[in-house]
Amino acid sequence: MSGDFDKAIAVFTLASGAAAVNYDVNIFFTFWGLNSIKKKKGRAFLGKGLLAPVFNFLLGGRKNLPLSRLNFGGASPLLMTGLMKKRNVATLEELFQASIDLGVNFYACEMAMHVLGLTKDDFIPEIKDVLGVATFLKLSQGGQTLFI
Amino acid sequence: MSGDFDKAIAVFTLASGAAAVNYDVNIFFTFWGLNSIKKKKGRAFLGKGLLAPVFNFLLGGRKNLPLSRLNFGGASPLLMTGLMKKRNVATLEELFQASIDLGVNFYACEMAMHVLGLTKDDFIPEIKDVLGVATFLKLSQGGQTLFI
Amino acid sequence: MSGDFDKAIAVFTLASGAAAVNYDVNIFFTFWGLNSIKKKKGRAFLGKGLLAPVFNFLLGGRKNLPLSRLNFGGASPLLMTGLMKKRNVATLEELFQASIDLGVNFYACEMAMHVLGLTKDDFIPEIKDVLGVATFLKLSQGGQTLFI
Numbered sequence: 000m001s002g003d004f005d006k007a008i009a010v011f012t013l014a015s016g017a018a019a020v021n022y023d024v025n026i027f028f029t030f031w032g033l034n035s036i037k038k039k040k041g042r043a044f045l046g047k048g049l050l051a052p053v054f055n056f057l058l059g060g061r062k063n064l065p066l067s068r069l070n071f072g073g074a075s076p077l078l079m080t081g082l083m084k085k086r087n088v089a090t091l092e093e094l095f096q097a098s099i100d101l102g103v104n105f106y107a108c109e110m111a112m113h114v115l116g117l118t119k120d121d122f123i124p125e126i127k128d129v130l131g132v133a134t135f136l137k138l139s140q141g142g143q144t145l146f147i
Numbered sequence: 000m001s002g003d004f005d006k007a008i009a010v011f012t013l014a015s016g017a018a019a020v021n022y023d024v025n026i027f028f029t030f031w032g033l034n035s036i037k038k039k040k041g042r043a044f045l046g047k048g049l050l051a052p053v054f055n056f057l058l059g060g061r062k063n064l065p066l067s068r069l070n071f072g073g074a075s076p077l078l079m080t081g082l083m084k085k086r087n088v089a090t091l092e093e094l095f096q097a098s099i100d101l102g103v104n105f106y107a108c109e110m111a112m113h114v115l116g117l118t119k120d121d122f123i124p125e126i127k128d129v130l131g132v133a134t135f136l137k138l139s140q141g142g143q144t145l146f147i
Numbered sequence: 000m001s002g003d004f005d006k007a008i009a010v011f012t013l014a015s016g017a018a019a020v021n022y023d024v025n026i027f028f029t030f031w032g033l034n035s036i037k038k039k040k041g042r043a044f045l046g047k048g049l050l051a052p053v054f055n056f057l058l059g060g061r062k063n064l065p066l067s068r069l070n071f072g073g074a075s076p077l078l079m080t081g082l083m084k085k086r087n088v089a090t091l092e093e094l095f096q097a098s099i100d101l102g103v104n105f106y107a108c109e110m111a112m113h114v115l116g117l118t119k120d121d122f123i124p125e126i127k128d129v130l131g132v133a134t135f136l137k138l139s140q141g142g143q144t145l146f147i
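Line order of the protein sequences matches chains A, B and C. In terms of numbering that gives the first Met the number 0, the first sequence opens at residue 0 and continues consecutively. In terms of numbering that gives the first Met the number 0, the second sequence opens at residue 0 and continues consecutively. In terms of numbering that gives the first Met the number 0, the third sequence opens at residue 0 and continues consecutively.
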């Protein structure tokens with residue numbers, strides 16, 4: 000659910016790490032989290048009105064996620080990515096790609112998409128399906144679910 | 000635990016969705032989260048002192064929860080609720096009521112209430128019980144617990 | 000993962016409460032959460048550069064965690080601790096110590112330490128081990144995991 004840079008790193012580190020040791024991994028993206036799976040060039044929607052800044056944030060895409068604290072107007076995530084490269088640690092983009100390559104299933108939240116006026120076309124093609132909460136609960140049965 | 004508007008929507012969407020497909024659902028409200036189950040007309044407590052603003056926040060009730068980001072002084076939750084109505088998606092109030100109607104169990108955190116000087120009378124009558132963490136852990140045994 | 004004062008209270012309340020009723024409890028500290036297990040007198044690292052404020056925050060230690068909202072420049076956690084003492088509720092320090100005394104296992108995240116240039120010496124001696132995500136997933140198998 001969170002659209003924070005550091006929490007997105009946590010999501011894709013856990014997902015790729017779990018998939019690498021053969022867990023079946025499903026991620027349910029909702030609300031701010033939909034930002035992580037937007038196409039690079041999103042379309043403008045709800046173009047005007049008071050809520051536009053809220054929703055246009057969701058158009059920013061994975062490259063513009065803020066740090067959950069000490070964001071410094073977006074400088075920290077850039078510097079953090081630089082540091083991760085320098086230390087030879089996988090960056091957010093690499094963890095994201097590894098999750099896809101290792102077969103992690105990506106699902107988009109039907110209700111959040113409906114509220115925000117988004118369609119499946121607004122997301123990267125790797126999205127497996129658009130789901131409601133009840134269907135996702137079924138998928139997670141017998142496993143563990145983390146809310147991030 | 001969180002008192003954010005968007006996270007409260009997540010809580011009651013998950014709770015009502017799970018209860019609708021016959022899961023046994025328990026919610027443990029603590030700290031900022033107690034705001035969701037306060038009576039509409041709360042009493043003033045700890046009336047003065049430096050911490051009053053912190054605790055009076057808890058008196059605001061479910062109608063005044065802020066958005067976790069881009070809150071705009073409370074405008075965003077109002078606009079969001081308007082948009083949810085327009086899109087025919089259940090609002091926070093409706094999800095909350097659905098959770099109650101579908102038999103979700105609400106518990107209030109004993110320790111947080113003690114620290115904040117709250118009693119069971121400060122909460123809506125639908126609260127099933129006041130619990131400590133150990134008792135709640137027992138309730139969640141064999142299931143899944145999400146920290147929101 | 001979170002370095003908030005109130006979330007740290009949640010972590011150590013849950014951990015000590017669960018350990019008290021004989022659960023096997025493991026905490027995996029990562030990113031901002033590493034702040035909770037730093038030695039009181041941390042060393043300065045990455046001494047200059049734009050990211051220094053971010054990383055030096057991690058040197059603040061458990062005594063300087065901010066409240067997740069209404070922090071008032073650090074006043075709220077101090078006042079909250081005073082109130083917890085007055086109400087005879089365990090403070091963060093006491094919950095932390097209880098977790099150690101009751102045998103909760105503390106693990107530090109290998110990747111976050113590597114990115115931040117930290118070594119095991121920067122942490123309290125009670126840290127059981129430095130782990131990667133895959134190893135921690137193995138430890139949590141058959142149990143429940145909360146992301147806080």
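All C-beta atoms, glycine included, are put in the ideal place defined by N, C-alpha and C. In this text, all values refer to a predicted model and were calculated from it rather than measured experimentally.
Inter-residue spacing [alpha-carbon to alpha-carbon] between residue i and residue j
i, j, result
"alanine 111 of chain A", "valine 88 of chain B", "9 Å"
"arginine 86 of chain B", "threonine 80 of chain B", "10 Å"
"isoleucine 8 of chain B", "threonine 29 of chain B", "16 Å"
"leucine 94 of chain A", "alanine 17 of chain A", "12 Å"
"glycine 46 of chain C", "phenylalanine 4 of chain B", "Bear in mind that a pLDDT of 46 at glycine 46 of chain C, under 50, signals an unreliable position, so the model cannot answer this."
"serine 15 of chain A", "threonine 134 of chain C", "13 Å"
"glycine 102 of chain A", "valine 24 of chain A", "8 Å"
"glycine 32 of chain C", "lysine 62 of chain A", "24 Å"
"serine 148 of chain B", "leucine 13 of chain C", "One cannot answer for residue 148 of chain B here, as it falls past the ends of chain B, which runs 0 to 147."
"serine 1 of chain B", "lysine 6 of chain C", "10 Å"
"alanine 155 of chain A", "valine 129 of chain A", "The structure shown does not extend to residue 155 of chain A, since chain A is modelled only from 0 to 147, so the question has no answer here."
"isoleucine 26 of chain A", "proline 76 of chain B", "26 Å"
"lysine 84 of chain C", "glutamate 92 of chain C", "11 Å"
"serine 67 of chain A", "serine 67 of chain C", "11 Å"
"leucine 138 of chain B", "threonine 90 of chain B", "28 Å"
"lysine 39 of chain C", "aspartate 121 of chain C", "9 Å"
"glycine 142 of chain C", "leucine 78 of chain C", "36 Å"
"alanine 43 of chain B", "leucine 117 of chain B", "Residue placement at alanine 43 of chain B is flagged as unreliable, the pLDDT there being 49, under the threshold of 50; a coordinate-derived value is accordingly withheld."
"leucine 64 of chain C", "valine 10 of chain C", "13 Å"
"serine 35 of chain C", "isoleucine 147 of chain C", "13 Å"
Opposing strand residues paired with residue i [DSSP bridges]
i, result
"leucine 130 of chain B", "B:Cys108"
"asparagine 25 of chain C", "C:Asn104"
"lysine 37 of chain A", "A:Phe122"
Beta carbon proximity, residue i to chain A, threshold 8 Å
i, result
"phenylalanine 146 of chain B", "yes"
"valine 114 of chain C", "yes"
"glycine 16 of chain B", "yes"
"alanine 7 of chain B", "no"
8 Å Cβ cut-off: residues of chain E touching residue i
i, result
"threonine 118 of chain B", "The displayed structure is made up of protein chains A, B and C, and chain E is not among them."
Below-8 Å beta-carbon distance, residue i vs any chain C residue
i, result
"leucine 138 of chain A", "no"
"glycine 2 of chain A", "no"
Beta carbon proximity, residue i to chain B, threshold 8 Å
i, result
"leucine 13 of chain C", "yes"
"glycine 46 of chain A", "With a pLDDT of only 46 at glycine 46 of chain A, under the threshold of 50, the placement of this residue in the model should not be trusted, and no figure is reported."
Residue i: CB within 7 Å of a non-hydrogen atom of the ligand SAH
i, result
"valine 132 of chain A", "Among the components modelled here there is no ligand, and therefore nothing to report on the ligand SAH."
Using a beta-carbon distance cut-off of less than 9 Å, what residues from the segment 23-34 of chain B approach chain C? Thr29, Phe30, Trp31
Taking beta-carbon pairs under 8 Å, can you tell me which members of the segment 77-93 of chain A lie near chain C? Leu78, Met79, Leu82, Met83, Arg86, Val88
Contact list for the segment 94-112 of chain A against chain B, Cβ threshold 7 Å: Met110
Output, in sequence order along the chain, the residues in the segment 118-135 of chain B whose CB is closer than 9 Å to any CB in chain C. Gly131, Val132, Ala133, Phe135
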